[in-house]
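First the structure, in the form of structure tokens, and then the observations on it.
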Amino acid sequence: MDQLFSLWGPISPLFWVRAVWAIVILLVMVWAAGVGRRGAREALQRAQAHPNAILFVARVTHLGLLALGILFALAVLGIDLPALTAFVGLTTIAISLSVQDIARGLIAGLYLLIERPFDVGDEVKVDGQQGIIEDVRIRTTLLRNAAGDRVIVPNLVMLTSTIVQKNTAQKNAEA
2 MDQLFSLWGP ISPLFWVRAV WAIVILLVMV WAAGVGRRGA REALQRAQAH PNAILFVARV
62 THLGLLALGI LFALAVLGID LPALTAFVGL TTIAISLSVQ DIARGLIAGL YLLIERPFDV
122 GDEVKVDGQQ GIIEDVRIRT TLLRNAAGDR VIVPNLVMLT STIVQKNTAQ KNAEA
């Protein structure tokens with residue numbers, strides 16, 4: 002035990018003060034991330050957003066606030082943030098380029114879930130496929146064609162293709 006204290010002996014008392022502050026900041030930001038996640042979830046539920054959109058936005062809010070807390074804590078500890086930020090930025094760019102299509106699909110799905118250009122039960126024709134919409138998920142839209150087959154259409158295709166909605170006038174008249 003004495004050896005352990007002898008290793009910590011040369012560490013400045015200022016470091017320990019900073020370490021305590023960093024821990025306090027992390028604890029506060031963990032709490033704030035939870036509050037932010039709940040707030041985002043409740044706001045989107047009141048707006049009657051799609052459950053997948055609610056989950057996505059709540060997670061992004063939570064992770065963003067946690068990342069901000071980590072950055073604040075590192076700054077309090079005296080870590081060189083510009084160098085760390087540059088490293089994280091370059092790593093993010095490399096990862097972004099490698100998952101670009103997946104990210105575009107997720108963004109398209111999020112847009113469709115929030116904008117709701119069509120509803121479950123609508124009959125649509127998109128990219129040569131025709132069917133009734135069964136579900137709109139974060140990455141794909143599920144159709145059931147006349148033969149009873151399930152057709153999985155990527156949301157990027159749903160967003161970038163021309164969609165023909167069948168019987169929308171009749172549906173609107175019934176509502």
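Quick note, in the working numbering, the sequence shown goes up one by one and the last residue is 176. We treat Cβ as the ideally placed atom computed from N, Cα and C, and that holds for glycine.
Cβ atoms of residue j and residue i: under 8 Å apart, would you say?
i    : j    : result
L113 : M159 : yes
G122 : N156 : no
Q166 : V125 : yes
A23  : L64  : no
A59  : R42  : yes
G132 : R145 : yes
L45  : A54  : yes
V31  : G70  : yes
Contact criterion: CB-CB distance below 8 Å. Does residue i meet it with respect to chain E?
i   : result
A44 : The structure shown contains no chain E; it is built from a single protein chain.
What residue range does the alpha helix (DSSP H) around residue i cover?
i    : result
R151 : R151 -> not in any alpha helix (DSSP H); beta strand (DSSP E) instead, spanning R151 to P155.
G79  : Unbroken run through G79: none, as it is neither H nor E.
On the premise that residue j lies in contact with residue i, defined as a C-beta separation below 8 Å, what is that separation, rounded to the nearest angstrom?
i    : j    : result
A76  : L82  : 6 Å
F57  : I139 : 6 Å
T142 : I134 : 6 Å
V127 : S162 : 5 Å
I26  : F73  : 5 Å
T62  : G35  : At roughly 10 Å, the Cβ-Cβ gap does not stay under 8 Å, so T62 and G35 are not in contact.
Run through DSSP, which three-state label would residue i get?
i    : result
V29  : helix
G106 : helix
T163 : coil
V58  : helix
G122 : coil
L98  : helix
If you follow the beta strand (DSSP E) that residue i is part of, which residue opens it and which one closes it?
i    : result
G132 : Q130 to V137
R140 : Segment: none, R140 is in no beta strand (DSSP E) and carries neither H nor E.
Taking 7 Å as the line, does the beta carbon of residue i fall inside it for any heavy atom of the ligand HEM?
i    : result
I139 : With respect to small molecules bound, the structure shown includes none, and the ligand HEM cannot be examined in it.
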